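The structure under discussion appears below in the form of structure tokens.
In our numbering, the protein residues as written are 21 to 183.
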């Protein structure tokens with residue numbers, strides 16, 4: 021086995037170019053985008069395969085997603101921001117402490133606007149969630165398997181036994 025010094029000293033090309041970690045918007049912007057589109061934490065959590073508590077941690081800035089999930093979440097937020105007519109901006113930190121207003125003195129909330137998701141499907145209260153391509157494939161495969169097994173069972177029960 022003949023190894024040259026150049027081949028041992030040169031690392032693999034993927035080591036030379038590490039993957040770029042996408043930047044995420046500020047936590048307040050993440051929360052604002054989700055709420056502007058009328059999406060619940062559970063809907064976002066189901067889309068990314070995590071719990072709603074994890075989405076809450078992402079939106080509060082306590083944690084952030086890693087790896088492929090981070091890239092997907094960044095692309096998701098970028099799509100929401102690009103398609104949204106109103107992009108919420110993160111609140112600027114103030115030096116004075118925030119005072120809470122009592123609920124009876126707070127202004128009423130504006131009515132919720134239900135928009136279409138970036139894919140064009142309606143989402144929000146009383147609207148169907150978009151069904152992923154993988155879920156449709158699983159249902160098709162399950163239906164095909166059920167059909168095959170029911171056909172086999174039918175043949176076994178109806179064909180007379182020779183004997």
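C-beta atoms are modelled at their ideal positions from N, C-alpha and C, and glycine is treated no differently. All of these numbers come straight from a predicted model, not from anything done at the bench.
| Item | Value |
| --- | --- |
| Three-state secondary structure (DSSP) of residue 46 | coil |
| Three-state secondary structure (DSSP) of residue 64 | helix |
| Neighbourhood of residue 83 by C-beta distance below 6 angstroms, restricted to the same chain and skipping five residues each side | 77 |
| Among 181, 167, 74 and 166, nearest to residue 47 - alpha-carbon criterion | 74 |
| Other residues of its chain near residue 94: CB distance less than 6 angstroms, five sequence neighbours each side excluded | 42 and 44 |
| Three-state class that DSSP yields for residue 88 in the structure shown | helix |
| Helix, strand or coil at residue 40 according to DSSP, with G and I counted as helix | coil |
| Cutoff 8 angstroms; reference residue 100; Cβ partners in own chain excluding five residues on either side | 53, 54, 56, 57 and 138 |
| Residues near residue 85 by beta carbon distance below 7 angstroms, same chain, minus five either side | 78 and 93 |
| Same chain, Cβ closer than 7 angstroms to residue 107, five either side skipped, listed in chain order | Confidence at residue 107 is low in this model, with a pLDDT of 49, below 50, so its placement is unreliable and the value that follows should be read with caution. Hits under 7 angstroms: 101. |
| Same chain, Cβ closer than 8 angstroms to residue 91, neighbours up to 5 away in sequence not counted | 42 |
| From 96, 50 and 67, residue whose alpha carbon lies closest to that of residue 153 | 67 |
| Cβ neighbours of residue 71 in the same chain (closer than 8 angstroms, five flanking residues each side left out) | 65 |
| Coarse secondary structure for residue 78, derived from DSSP in three states | helix |
| Outcome for residue 176 when other beta-carbon atoms lying within 10 angstroms are tallied against a minimum of 16 | exposed |
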